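Order-wise, the sequence lines are chains A and B. Per our numbering, residue 1 is the first one in the first sequence, and the count goes up by one each step. Per our numbering, residue 1001 is the first one in the second sequence, and the count goes up by one each step. Single-structure report; data block below.
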Amino acid sequence: MMLAQEHAQELGEHAAGAVEKFNAGKTIIEHVSNSSLEHPLLQLPTIAGINFSVTKHVLMLWLVSAFVFVVVTITVRRFLKQDRPIPAGFMNPLEALVEFIRDSIALPNVGKKWVNVWTPLLLTFFVFIFCANIIGLIPVFEVLGLLDHFVLHTDEHSIVKLLLHGGTTATANFNVTAALALITFSAIIIAGSRAHGFVQHWINLVPHGLAWPLYILLIPIEIMGMLVRPFALTMRLAANMTGGHIAILAILSFVFLFTEMFGRAVAGVGVGVAVSVPLASAISMLEIIVVLVQAYVFTLLSAVFIGMAIHVHH
Amino acid sequence: MEGISLAYFGAAIGLGLIVIGAGLGIGKLAAAAAEGIARQPNATDKITGAVNLPLFLLEGVAILAEVFALLIVLMK
């Protein structure tokens, strides 16, 4: 009896499962997160406990790095090879950017003595984070998916299909931003050590000349502050990028949800045209501003922290 | 009440409180900045520079809190 009931239940599930229900939460999370460890883009061995397989976000990291490196290097080499250093073409905005970061982010925080030491790092942060964020807004992999669906018809397990689960912002992965924050953390220690000496940098964490019981309270607070700042940098960038994408995807899922609710495609398309697409476009425009602001904030806060290690003032 | 319903309830109320806190803080900063610039227009750069840093720190705190609220909902 039990076996027959179970069998009937299975058959019922199979019949209903012919058309999959649209699971909004699952689809959104799939789009925003990294490829799973069982299906990476390129399976590589595990060395010393670290799995080196190439996943979606790793590929985006490499693409962004290669793009930034090639563009900036070619522009600057061409500029330097001229007879007289007059900027032309893409060198104009690049020079304006370098001057902006040097004069309004690095110089007020780090001071004239160290500005040439720390401006390259801050520039790299800004350009890399900006490019990584903005490439996440361009639907590279969705266009690839359209191409695949209508033109190429690749196999189920090809690399094209693996790439397809949604757009990827490399900096939306908090591991990437944690690596950037780790660079800032080391830069703070290096800056303090170069300016004051390695031991003096740690002594500078707490103000001088206080009664000794206060130090017992102050030292853990300062150490915690030192660790919380890179953590906040990490989470700020990663959460801002992920949040924007989740909002856009959630609004676009209204189309599918309404289609399912009313059972007709017209409902979904109507909601899409009237509500989803304009709202998603508006939020994408807001995302462009957020991208710029987040790159600027990361760079500014790194400069402020490095400056605080160099010019100690309590 | 199930545990998961209470989690949704708590996260929703928490998110509302986060938005209130961030709104109040950033609003106060913006008001102070606007008033300062109105009194001395030639100090605009300095005022903007002084307001920038606390603004983004506060926004960062709000984002951090939103992430934790999301974690409350997603953790089983």
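Ideal placement from N, C-alpha and C gives every residue a C-beta, glycine not left out. Note that this is a predicted model, so its numbers are computed, not measured.
Same chain, Cβ closer than 6 Å to residue i, neighbours up to 5 away in sequence not counted
{"i": "Leu107/A", "result": "Val115"}
{"i": "Gly307/A", "result": "Asn109, Val110"}
{"i": "Gly272/A", "result": "Val255"}
{"i": "Leu44/A", "result": "Phe52, Ser53"}
{"i": "Gly294/A", "result": "For the record, residue 294/A in the displayed sequence is Gln; it is not Gly. The residues are Leu237, Asn240."}
{"i": "Val151/A", "result": "none"}
{"i": "Ser104/A", "result": "none"}
Span separating the alpha-carbon of residue i from that of residue j
{"i": "Gly145/A", "j": "Ala303/A", "result": "40 Å"}
{"i": "Ile47/A", "j": "Ser53/A", "result": "10 Å"}
{"i": "Phe67/A", "j": "Cys131/A", "result": "9 Å"}
{"i": "Ile221/A", "j": "Lys21/A", "result": "51 Å"}
{"i": "Ile219/A", "j": "Leu205/A", "result": "8 Å"}
{"i": "Val98/A", "j": "Val58/A", "result": "28 Å"}
{"i": "Ala1067/B", "j": "Met235/A", "result": "A small fix is needed here, since residue 1067/B is Val in this sequence, not Ala. Between Val1067/B and Met235/A, the C-alpha separation is close to 8 Å."}
{"i": "Ile1074/B", "j": "Ala282/A", "result": "Contrary to the premise, residue 1074/B reads as Leu rather than Ile in this sequence. Computed Cα separation, rounded: 28 Å."}
{"i": "Ser276/A", "j": "Ile1013/B", "result": "26 Å"}
{"i": "Gln1040/B", "j": "Ile74/A", "result": "45 Å"}
{"i": "Leu214/A", "j": "Ile203/A", "result": "15 Å"}
{"i": "Ala187/A", "j": "Gly225/A", "result": "16 Å"}
{"i": "Gly1028/B", "j": "Ala309/A", "result": "Here the sequence assigns Lys to residue 1028/B, which means Gly is not the residue at that position. For Lys1028/B and Ala309/A, the distance between alpha carbons rounds to 29 Å."}
{"i": "Val70/A", "j": "Leu80/A", "result": "15 Å"}
{"i": "Gly1016/B", "j": "Val266/A", "result": "35 Å"}
{"i": "His201/A", "j": "Ala96/A", "result": "34 Å"}
{"i": "Val199/A", "j": "Val117/A", "result": "21 Å"}
{"i": "Gly263/A", "j": "Ala274/A", "result": "18 Å"}
Endpoints, the alpha helix (DSSP H) within which residue i is located
{"i": "Arg236/A", "result": "212-262"}
{"i": "Asn92/A", "result": "91-100"}
{"i": "Gln200/A", "result": "198-203"}
{"i": "Met285/A", "result": "277-310"}
{"i": "His208/A", "result": "Run containing His208/A: none; DSSP gives neither H nor E here."}
{"i": "Thr73/A", "result": "56-80"}
{"i": "Lys986/B", "result": "Any property of residue 986/B remains undetermined from this structure, which presents chain B solely from 1001 to 1076."}
{"i": "His31/A", "result": "24-32"}
{"i": "Gly136/A", "result": "115-137"}
{"i": "Phe141/A", "result": "140-147"}
{"i": "Pro108/A", "result": "107-110"}
{"i": "Val266/A", "result": "265-271"}
Proximity test, residue i beta-carbon vs the ligand GTP heavy atom, cut-off 6 Å
{"i": "Ile306/A", "result": "Looking for the ligand GTP in the displayed structure turns up nothing, as the structure carries no ligands at all."}
Spatial neighbours of residue i in its chain, beta-carbon cut-off 8 Å, leaving aside the 5 residues before and after
{"i": "Ala1043/B", "result": "Gly1036, Ile1037"}
{"i": "His149/A", "result": "none"}
{"i": "Leu233/A", "result": "Thr177, Leu180, Ala181, Thr184, Phe298, Leu301, Ser302"}
{"i": "Val64/A", "result": "Phe128, Cys131, Ala132, Ile135, Ala170"}
{"i": "Leu292/A", "result": "Phe130"}
{"i": "Leu279/A", "result": "Ile251"}
{"i": "Leu217/A", "result": "none"}
{"i": "Ser253/A", "result": "Phe22, Ala24, Thr27, Ile28"}
{"i": "Val335/A", "result": "A question about residue 335/A goes unanswered here, because the residues of chain A that appear run from 1 up to 314."}
{"i": "Ile1026/B", "result": "Leu1055, Leu1058, Glu1059"}
Proximal residues to residue i (C-beta, below 7 Å), its chain only, five neighbours per side dropped
{"i": "Gly268/A", "result": "Val255, Phe256, Phe258, Thr259"}
{"i": "His311/A", "result": "Gly111"}
{"i": "Gly17/A", "result": "In this prediction, Gly17/A scores a pLDDT of 42, lower than 50, which makes its location untrustworthy; no coordinate-derived value is stated."}
{"i": "Ile991/B", "result": "The requested residue 991/B does not occur in the structure, where chain B is confined to residues 1001 to 1076."}
{"i": "Leu61/A", "result": "Ala170, Val176"}
{"i": "Ser1005/B", "result": "none"}
{"i": "His196/A", "result": "Asn204"}
{"i": "Thr242/A", "result": "Val32, Ala172"}
Neighbour list for residue i in chain D, Cβ cutoff strictly below 7 Å
{"i": "Val1067/B", "result": "Of the chains in the structure shown, none is chain D; the protein chains are A and B."}
Exercise for the section: Tell me, please, whether the segment 136-145 of chain A touches the segment 73-93 of chain A by the rule of three or more beta-carbon pairs shorter than 8 Å. Expected result: By the Cβ criterion, the segment 136-145 of chain A is not in contact with the segment 73-93 of chain A, since fewer than three pairs of Cβ atoms, one from each stretch, lie closer than 8 Å.
Problem - Stretch-stretch touch, CB-based, cutoff 8 Å, three pairs: the segment 1055-1064 of chain B with the segment 1009-1028 of chain B - result: The segment 1055-1064 of chain B, when compared against the segment 1009-1028 of chain B, does touch it at the 8 Å Cβ threshold.
Practice task
Inspect the CB distances between the segment 167-179 of chain A and the segment 274-288 of chain A and report whether three or more fall short of 8 Å.
Solution key: Taking 8 Å as the limit for Cβ pairs, the verdict is that the segment 274-288 of chain A does not touch the segment 167-179 of chain A.
Problem - contact_flag[the segment 225-234 of chain A, the segment 116-136 of chain A] where n(CB pairs < 8 Å) is 3 or more - result: Verdict: no, contact absent.
Exercise for the section: Report yes or no: do three or more beta-carbon pairs, one from the segment 1047-1054 of chain B and one from the segment 1025-1035 of chain B, lie closer than 8 Å? Expected result: Pairwise C-beta distances place the segment 1047-1054 of chain B in contact with the segment 1025-1035 of chain B, as three or more of them are shorter than 8 Å.
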